[in-house]
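Heads up, the thing below is written out as structure tokens.
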Amino acid sequence: MFTMELPKDKKVIRTRNNKVVYDCGDTVAKVFNATKPAADIFNEALNLSRAAQAGIDVPEIVEVGKAAGSWVISTKKVEGKTMREIGDEDASKRPMLTEQFVELQLDIHKHRNPLLNRQKDKYTRMINAAGEVLDETTRYELLMRLDGMPNKHEICHGDFVPSNVIVREDGSHCVCDWAHATQGDGAADCAASYLHFKMRGADEFAENYINAYCEKSGVTKEHVQNWLPIIAASELSRGRVVEQDFLLSWVNVADYQ
Ligand SMILES: Nc1ncnc2c1ncn2[C@@H]1O[C@H](COP(=O)(O)OP(=O)(O)OP(=O)(O)O)[C@@H](O)[C@H]1O
Ligand SMILES: [Mg+2]
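All letters in the sequence shown, in the order written, are residues 1 to 257 by the numbering used here.
This is the structure we're talking about:
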């Protein structure tokens, strides 16, 4: 195997607890820390390739390899700004960005790739893995609810947020960060985005977003809301300590429905 070498003058785009994303000039390198299983890196790279295969505008993969002992996914740099940066810089653009954001998500849902992981399999696995936080009865009820949700094959990004959409100079959109992608019900993807915004306290944006999604897609808000306890329970399997109470409150919404 070739060992990758990252340029000395690379610039940090973002640091997370388990990875650093670098601007390397012509490419962007996502460098994972040593605890990240190799299978996760290959799954993310495979999802990215499958989204590309389905015809979605995504960054082109350059290579997957190791640099100084860490797994790296390297993609061709897309010139532009993320929707998040544009919205942070100019609040007056936010209503227009929300519309475009929802339209882009609905366009992704129109794409198909039968090889992508199945949404129900993924959420089943995650709910089962949340055993430390959720008792057996709750997990069983959530799995029954999941079983009753529609079997669809829409491509779902899984972490569709404005920082994962790069807007080019010509106005076209390129979507990055496919680690959580599946095929399934687009409404679940909407529920995941909604919960993400609520979790970060962006309540106003969350409500504008879900309303725009339901209006443009014709999906009822009730149907999106039916996914929320499932998504919240799945997120609990990631061992999120800070967000645990928030997520549990959304799991328990199921009791009142
Ligand atoms: N190919 C690319 N071209 C240009 N910018 C990119 C590219 N890939 C990633 N980025 C930028 O790097 C940021 C982080 O990358 P990415 O979303 O893949 O990682 P992340 O750590 O999962 O981020 P987060 O968890 O915040 O969504 C993106 O928000 C985007 O601004
Ligand atoms: Mg991201």
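Just so you know, even glycine gets a beta-carbon here, dropped at the ideal spot from N, CA and C.
Handout entry: Given 8 Å, three or more beta-carbon pairs between the region 204-215 and the region 116-127
Key = no
Problem - Contact test: aspartate 177 Cβ vs ligand 2 heavy atom, cutoff 7 Å - result: yes
Handout entry: aspartate 57 CB to nearest heavy atom of ligand 1 below 7 Å
Key = no
Exercise for the section: Would you kindly check if the distance between the Cβ of isoleucine 61 and the Cβ of isoleucine 155 is under 8 Å? Expected result: no
Practice task
Determine which residues share a DSSP beta bridge with threonine 98 and list them.
Solution key: The partner list for threonine 98 (beta bridge, DSSP) is empty, contrary to what the question assumes.
Problem - Per-residue DSSP class, three states only, for serine 92 - result: helix
Problem - Spatially closest choice to alanine 68 from Ala91, Lys8, Ala54, Thr124, by CA coordinates - result: Lys8
Problem - Proximity test, histidine 76 beta-carbon vs ligand 1 heavy atom, cut-off 7 Å - result: According to the sequence shown, residue 76 is lysine rather than histidine. Yes, since a heavy atom of ligand 1 falls inside the 7 Å radius drawn around the Cβ of lysine 76.
Handout entry: Three-pair Cβ contact test at 8 Å for the region 122-131 versus the region 160-169
Key = no
Problem - Helix, strand or coil at asparagine 249 according to DSSP, with G and I counted as helix - result: Note on identity: in this sequence residue 249 is serine, with asparagine being the wrong assignment. Correct three-state label for serine 249: helix.
Exercise for the section: Using the DSSP secondary-structure output, state which residues sit across from lysine 258 in a beta bridge. Expected result: No statement about residue 258 is possible, as the shown extent of the chain runs from 1 to 257 and does not include it.
Exercise for the section: Return the chain-ordered ranges of every alpha helix (DSSP H) run that is complete within the region 136-169 and spans a minimum of 4 residues. Expected result: 136-147
Exercise for the section: Would you check if the distance between the CB atom of histidine 196 and the CB atom of valine 175 is smaller than 8 Å? Expected result: no
Exercise for the section: Closer than 7 Å by C-beta to arginine 50: which residues in its own chain qualify, once you throw out the five before and the five after it? Chain order, please. Expected result: Asn113, Leu115, Leu116
Exercise for the section: Kindly list the residues whose CB is nearer than 7 Å to the CB of alanine 187, restricted to its own chain and excluding five residues on each side of it in sequence; keep chain order. Expected result: Val219, His223, Val224, Trp227
Practice task
Assuming aspartate 185 contacts proline 150 (C-beta within less than 8 Å), just tell me the rounded distance between them.
Solution key: 5 Å
Practice task
State buried or exposed for aspartate 189, treating a residue as buried only when at least 16 other CB atoms are found within 10 Å of its CB.
Solution key: buried
Problem - Rounded distance between the beta-carbons of valine 72 and alanine 29, thought under 8 Å - result: 5 Å
Problem - Proximity to valine 58 [Cα-Cα], best of Ala91, Trp178, Ser193 - result: Trp178
Problem - glycine 131 versus serine 237: straight-line alpha-carbon distance, rounded - result: 8 Å
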